[in-house]
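To keep things clear, I will list the structure first and then write my remarks on it.
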Amino acid sequence: MALREVLGGCVYKKLVNLTYSKLYNTTKELIKKYRTSQLIHFSIFLLKITIKKLINIFYT
Numbered sequence: 002m003a004l005r006e007v008l009g010g011c012v013y014k015k016l017v018n019l020t021y022s023k024l025y026n027t028t029k030e031l032i033k034k035y036r037t038s039q040l041i042h043f044s045i046f047l048l049k050i051t052i053k054k055l056i057n058i059f060y061t
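Each residue of the sequence shown is one higher than the one before, counting from 2 in the numbering used here.
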């Protein structure tokens, strides 16, 4: 049974949005603080991995 079915559509959607916005804001803060291209690439890389993992968790 998928997490989506357990939580119900509305709660699930809020959880995904909350997780994504938290990740996005953290990445934005890091970029503001350090502003180096290496950190930006690393942040984008981390964001991609985390989103892939979230999708795997929620859809399997």
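Beta carbons are placed, not taken as given, at the ideal position from N, Cα and C, and that holds for glycine.
Backbone CA spacing between residue i and residue j [nearest angstrom]
i: E30; j: S22; result: 12 Å
i: T27; j: C11; result: 24 Å
i: I32; j: Y60; result: 30 Å
i: N18; j: F46; result: 19 Å
i: N57; j: I41; result: 24 Å
For residue j and residue i, believed in contact at Cβ under 8 Å, the rounded distance
i: L16; j: T51; result: L16 to T51, Cβ: 14 Å. No contact.
i: T20; j: L55; result: 6 Å
Residues of its chain near residue i, where Cβ-Cβ distance is below 7 Å and the 5 sequence neighbours each way are ignored
i: S44; result: T28, L31, I32
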